[in-house]
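> This is the structure I have questions about; it appears just below.
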Amino acid sequence: MFLKNWIEKYIPVSSAPAKNPHEEILKLRAALRDCPTVVVGAGAGLSAAAGFDYSGERFRKYFGDFAARCGFSDMYSGGFYRYETLEEQWAFWSRFIYVNRYMDAPRPTYRRLRALLREKDYFVVTTNVDHCFQKARFDKERLFYTQGDYGLWQCSTPCHKLTYDNRETVRRMVLAQGFAIDADGRLEPPSHEKPKMRVPSKLIPLCPKCGKPMTMNLRSDDTFVEDEGWRAASRRYEEFLKKHETGKVLYLELGVGSNTPGIIKYPFQIRAFQNSDAVYALVNAQPQGVPEEIRARSIVVTADIGAALDALRGA
Numbered sequence: 046m047f048l049k050n051w052i053e054k055y056i057p058v059s060s061a062p063a064k065n066p067h068e069e070i071l072k073l074r075a076a077l078r079d080c081p082t083v084v085v086g087a088g089a090g091l092s093a094a095a096g097f098d099y100s101g102e103r104f105r106k107y108f109g110d111f112a113a114r115c116g117f118s119d120m121y122s123g124g125f126y127r128y129e130t131l132e133e134q135w136a137f138w139s140r141f142i143y144v145n146r147y148m149d150a151p152r153p154t155y156r157r158l159r160a161l162l163r164e165k166d167y168f169v170v171t172t173n174v175d176h177c178f179q180k181a182r183f184d185k186e187r188l189f190y191t192q193g194d195y196g197l198w199q200c201s202t203p204c205h206k207l208t209y210d211n212r213e214t215v216r217r218m219v220l221a222q223g224f225a226i227d228a229d230g231r232l233e234p235p236s237h238e239k240p241k242m243r244v245p246s247k248l249i250p251l252c253p254k255c256g257k258p259m260t261m262n263l264r265s266d267d268t269f270v271e272d273e274g275w276r277a278a279s280r281r282y283e284e285f286l287k288k289h290e291t292g293k294v295l296y297l298e299l300g301v302g303s304n305t306p307g308i309i310k311y312p313f314q315i316r317a318f319q320n321s322d323a324v325y326a327l328v329n330a331q332p333q334g335v336p337e338e339i340r341a342r343s344i345v346v347t348a349d350i351g352a353a354l355d356a357l358r359g360a
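Residue numbers (the working numbering): 46 to 360.
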């Protein structure tokens with residue numbers, strides 16, 4: 046009920062003029078110094094800052110053939126395309142999974158964030174599903190991926206509540222299309238021929254219990270499987286929040302948009318409102334507002350997230 050009331054009454058954002066990024070960076074640096082506890086909320090903008098672009102050159106390198114045949118212009122759109130066969134569908138998805146889940150981010154944005162949190166009691170909640178936090182060696186016991194993981198499959202029905210690691214099968218799928226994997230784990234397109242746009246039928250993932258096709262463990266509707274790992278992470282996050290309902294806490298929002306504000310943005314604002322010692326900070330490349338009720342304890346940095354993290358480190 047409180048969340049509903051907050052949305053209805055408090056969410057109209059401040060119409061105050063844009064703040065000076067340099068001044069806001071100095072305020073955020075001070076908040077990081079003064080607050081022993083940091084709750085990080087990460088959205089798609091953080092991974093975009095790390096170089097995980099779903100369009101442009103990266104898309105053309107790995108999906109140029111799909112773009113030419115199917116007509117979509119970015120990876121995100123390709124995820125919704127209706128492929129004619131499961132073999133073609135998993136050709137697309139195996140490339141998508143590999144480059145976005147099993148390859149390292151092109152830029153060190155996540156590692157820079159980890160360095161800023163090194164001496165903090167922190168927890169991360171994220172709507173991202175690319176596993177970048179664990180690839181940057183964050184403590185997995187301090188992470189909650191609310192929307193799933195590109196590295197997991199589940200039954201499409203689902204007939205049961207387990208998820209399955211897909212790394213080895215995805216590796217076999219991309220190799221079967223003619224791609225190579227270099228010594229650093231990067232996917233390289235075939236150099237002398239076009240990649241195949243289908244995978245062998247024997248590699249199509251089927252549910253080990255009912256035999257129906259597997260699907261991605263990504264939240265899109267009520268078929269999303271919240272497995273034991275998901276539930277354990279959720280419990281750890283809730284326990285962390287309860288433990289730090291008072292005291293100096295920095296709620297640090299990075300690259301969070303407005304698609305799912307009920308997961309990070311609204312709860313962070315509400316908790317900052319309820320705790321007079323808390324600070325609410327957001328860093329986003331796009332202009333963002335904050336509710337009037339917490340404006341005095343809010344920091345708004347409108348800048349590239351990677352550049353902002355560098356500035357916080359004094360780089």
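Heads up, the beta-carbon is just placed ideally off N, CA and C, and yes, glycines get one too.
All of these numbers come straight from a predicted model, not from anything done at the bench.
Using only alpha-carbon positions, find the residue among G292, N329, L299, G302 that is nearest to F318.
Checked all of G292, N329, L299, G302; the closest Cα to F318 is G292.
> Is there contact between the segment 131–147 and the segment 214–227, where contact requires at least three CB pairs shorter than 8 Å?
Yes, the segment 131–147 touches the segment 214–227.
> Please report the Cβ distance between R243 and E132, rounded to the nearest whole angstrom; I am assuming they are in contact, meaning their Cβ atoms lie under 8 Å.
About 4 Å; that satisfies the 8 Å criterion.
> Do we get a CB-CB distance below 9 Å when we pair A352 with the residues of chain B?
No chain B appears in this structure, which consists of one protein chain only.
> Whose CA, out of A225, E69, P245, lies closest to the CA of S236?
Checked all of A225, E69, P245; the closest Cα to S236 is A225.
> What ranges does the beta strand (DSSP E) occupy inside the segment 124–194, keeping only unbroken runs of at least 3 residues that lie completely in it?
List check, beta strand (DSSP E) in window: 166–171, 188–190.
> What distance in whole Å lies between the Cβ atoms of L73 and V294, which are believed to be in contact at a cut-off of 8 Å?
That pair is no contact at about 14 Å.
> Suppose contacts are defined by Cβ-Cβ distances below 9 Å. Is A372 in contact with L299 by that definition?
Since the first residue of the chain shown is 46 and the last is 360, residue 372 is not available in this structure.
> Report, in whole angstroms, the separation of the C-beta atoms of R182 and A95, which I expect to be a contact under 8 Å.
In fact, because the Cβ distance is near 14 Å, the residues do not count as touching under 8 Å.
> Have a look at the DSSP bridge pairing and note the partners of N262.
D194.
> Going by DSSP, name the residue or residues bridged to I350.
Answer by DSSP bridge pairing: none, since I350 is not bridged.
> Tell me the rounded alpha-carbon separation between N304 and Y311.
Using only the alpha carbons, I get a separation of about 12 Å.
> Taking three-plus beta-carbon pairs below 8 Å as touching, is the segment 183–200 in contact with the segment 91–107?
Verdict: no, contact absent.
> Helix, strand or coil for L207? Go by DSSP, reduced to three states.
L207 falls in the coil class under three-state DSSP.
> Kindly provide the ranges of any alpha helix (DSSP H) runs that are 4 or more residues long and lie completely inside the segment 319–347, ordered along the chain.
The segment 319–347 contains no whole alpha helix (DSSP H) run of 4 or more residues.
> If you compare alpha carbons, which of F168, I249, K206, F313 is closest to G274?
It is K206 whose Cα lies nearest to the Cα of G274.
> Just checking my contact of D175 with S92 at CB under 8 Å: how many whole Å lie between their CB atoms?
Indeed, because the Cβ distance is near 6 Å, the residues count as touching under 8 Å.
> Spell out the partners DSSP gives Y296 in its beta bridges.
Note: Y296 sits in a beta bridge opposite V84, Y325.
> Taking the C-alpha atoms as reference points, what is the distance between H67 and G123?
Each residue's alpha carbon lies about 39 Å from the other.
> What is the rounded straight-line gap between the Cα of L297 and the Cα of R127?
The straight-line gap from Cα to Cα measures roughly 38 Å.
> Cutting at 7 Å between CB atoms, please list the residues of its own chain near D79, excluding the five before and the five after it.
The answer, listed in chain order, is K293.
> In whole angstroms, what is the alpha-carbon distance linking K165 and P81?
Those two C-alpha atoms are separated by around 6 Å.
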